[in-house]
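Quick note on numbering that gives the first Met the number 0: the sequence shown kicks off at 0 and runs consecutively. All residues carry an ideal CB built from backbone N, CA and C; glycine is no exception.
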Amino acid sequence: MKKRLLMIAVAMMTAASSLTGCSLISVNPKEVVVKVNDSEITADVANFYARYTQAQYETYFGAYMEGDMWNTKADKGKTYEESVKATIQDELKQMLVLEQHMKDYNVSLSDAEKEVIQKAVKEFDEDNSLENKEKIMSSEEVVERMLTLMAEGEKMREAIQKDADKNVSDKEAAQKKMDYVLFSYQKEDGEDEEEETAEMTDEEKAAVKEKAESFAKSAKEDSKKFLEIAQDQGADVEEATFDAKTEVPDADLIKAADALKKNEVTDVIETDDGCYVARVTSLMDKDATESRKKEIITERENELFTEVTEKWLDEAKVSVNKKAWKKIDFNALGVTMKQAEKEPYADDVKTDDQADVIDE
């Protein structure tokens, strides 16, 4: 079994450790909230998964969100709460439709995987107070159902993604490499490195550009001394790998570098941040190209998974109880995760190598 399932179990086990406020949900726990064909998710299960997701956001992002996190505006005029809840709703629909198609891919949970879930359910029940469990409408039955759906979903994702095309040519993944220098239009206000930077005047920028042009001219005359010339001018040299679609550190710089041969130097590329000059050092960086191949395969796998699940959902009869769903309020009840006291794979929890589990 993959470590992912163990991680899910541990995360779910610790999800409800810290709560603030009170539960204002006045919906019947067994009222159907999401339905896909003949499969249903009831309010208690939907709420528990929502709280699990909420706990992740509040634990890892809450400190970076100023003021009222959940009422902050997000995409397309939605609040952060509305945006996250919409994503959760989509995930619940996806879990149900994946469960319905498990036979198509010969997917099932092994006895060992079910044992992992049962252990997580028991530990969750023991580690959380009755008051906290009531606030998030959890019970052993609810936690088991949610963990089962998540585990099934992960196994289905792996099964579907196996059909993705894994053949990627060097040409398709080719990554070039360059050294570059940025003559910045920002200046330090003082000697303290922590002090804020300030933008230069037009006259100061003109002087910087002139310096960049002098550097570019010298580098073009002898590109092999690119690093030496930069050092003489007190300029910092950075490395980057790229292809035609890369936009970092700057799209115009990438475009200019992409048109060059090995050891050729760009003209000065002026941007809002300053002036770039780059030298192409490789037309096929082996390590970066291999890394890009893996990225392309991952992209194909994700695209295939999305294509398959969206097709199934388009063909399915899907309904959402909007009234019940709306009552799950992140503002009324705050949830954060506690830190596990021991490593999730230490002692009595087996690792992939130790567990007597075989992936289906």
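Could you give the DSSP three-state label for Trp228: helix, strand or coil? The amino acid at residue 228 is misidentified as Trp; the sequence shows Ile. Three-state DSSP puts Ile228 in a helix.
Along the chain, where does the beta strand (DSSP E) that runs through Lys176 open and close? Lys175 to Ser183
Quick one, are the C-beta atoms of Val83 and Tyr56 less than 8 Å apart? yes
Can you look up Asp191 in the DSSP assignment and give me helix, strand or coil? For Asp191, the predicted structure reports a pLDDT of 46, less than 50, and the residue's modelled location is therefore unreliable. The matter cannot be settled from this model.
Whole-angstrom C-beta distance between Ala158 and Arg299, which should lie under 8 Å: Arg299 to Ala158, Cβ: 15 Å. No contact.
When DSSP labels each residue in this structure, what does Val264 get in the three-state scheme? strand
I'd like to check one pair, Asp257 with Ile268: are the Cβ atoms closer than 8 Å? With contacts defined as CB atoms closer than 8 Å, Ile268 and Asp257 fail to qualify as a contacting pair.
Can you tell me which of Thr335, Thr245, Ile327 and Val334 puts its alpha carbon nearest to the alpha carbon of Gln88? Ile327
Looking only at its chain, what residues have a beta carbon closer than 7 Å to the beta carbon of Thr71, apart from the 5 residues adjacent to it on each side? Met64, Thr78 and Tyr79
Leu23 to Ala331 span [Cα, whole Å]: In this prediction, Leu23 has a pLDDT of 48, which is less than 50 and means its spatial position is unreliable; nothing more can be read from the coordinates.
Under three-state DSSP, which class holds Val167? coil
Which value, in whole angstroms, describes the spacing of the CA atoms of Lys132 and Glu140? 12 Å
Which of the three DSSP states, helix, strand or coil, is assigned to Glu198? strand
Just checking my contact of Tyr179 with Ala277 at CB under 8 Å: how many whole Å lie between their CB atoms? 4 Å
Within its chain, find whatever has a CB closer than 6 Å to the CB of Leu97; leave out the 5 residues flanking it on each side and keep chain order. Result list for Leu97: Gly152 and Met155, in chain order.
So, at 7 Å on beta carbons, what are the nonlocal neighbours of Thr297 in its own chain, with the 5 sequence-adjacent residues on each side left out? none
What is the residue span of the beta strand (DSSP E) that Ile40 lies within? Ser38 to Thr41
Going by DSSP, what residue range makes up the alpha helix (DSSP H) through Gly273? No alpha helix (DSSP H) holds Gly273; the beta strand (DSSP E) holding it covers Gly273 to Ser281.
My output table needs one value for Leu108: the three-state DSSP class, helix, strand or coil. Residue state for Leu108 is assigned as coil, using DSSP reduced to three classes.
So the alpha helix (DSSP H) Val141 belongs to, where does it begin and stop? Glu139 to Gln160
Anyone know if the C-beta pair for Leu95 and Ser38 falls short of 8 Å? Closer than 8 Å, so yes.
Distance CB(Val317)-CB(Lys92) smaller than 8 Å: yes
Report buried or exposed for Glu227, applying the criterion of at least 16 other Cβ atoms within 10 angstroms of its Cβ. Exposed, by the Cβ-count rule.
Spell out the partners DSSP gives Ser128 in its beta bridges. Per DSSP, none; premise fails for Ser128.
Between Ile239 and Met177, which are expected to be in contact by the criterion C-beta below 8 Å, what is the C-beta distance as a whole number of angstroms? Correcting the residue type first, residue 239 is Ala in the shown sequence and not Ile. Between Ala239 and Met177, the beta carbon gap of about 6 Å places them in contact (Cβ cut-off 8 Å).
Which one of Glu289, Trp324, Glu309 and Leu303 has the shortest CA to CA distance from Ala173? Glu289
Using a Cβ-Cβ cut-off of 8 Å (strictly less than) and excluding sequence neighbours within five positions of Gly189, which residues of its own chain qualify? Confidence at Gly189 is low in this model, with a pLDDT of 48, below 50, so the placement of that residue should be treated as unreliable; the coordinate-derived value is given next. Cβ within range, chain order: n/a, list empty.
Among the candidates Lys121, Trp324, Asn27 and Leu181, whose CA atom is the shortest distance from the CA of Asp249? The shortest C-alpha separation from Asp249 is found at Leu181.
Just curious, the alpha helix (DSSP H) that Ala255 is in, first and last residue? Element bounds for Ala255: Ala250 to Asp257.
At the level of alpha carbons, what is the spacing between Thr52 and Asn301? Between Thr52 and Asn301, the C-alpha separation is close to 21 Å.
From Val9 to Glu246, what does the alpha carbon distance come to, in whole angstroms? Low confidence applies here, because Val9 scores a pLDDT of 49, under 50, leaving its location unreliable; read the following figure in that light. Going from the Cα of Val9 to the Cα of Glu246 covers about 38 Å.
If I measure Cβ to Cβ from Leu148 and keep anything under 6 Å in the same chain, skipping five residues before and after, which residues do I get? Apart from the 5 residues on each side of it in sequence, Leu148 sits with its Cβ closer than 6 Å to the Cβ of Met94 in its chain, given in chain order.
Between Ile295 and the rest of its own chain, which residues show a CB-CB distance below 8 Å, the 5 nearest in sequence each way excluded? Val167, Glu171 and Ala172
Taking only runs that begin and end inside the region 275-321, name each unbroken alpha helix (DSSP H) of 4 or more residues, in chain order. 285-314
Pull up the distance between the alpha-carbon of Cys274 and that of Ala206, whole angstroms please. 11 Å
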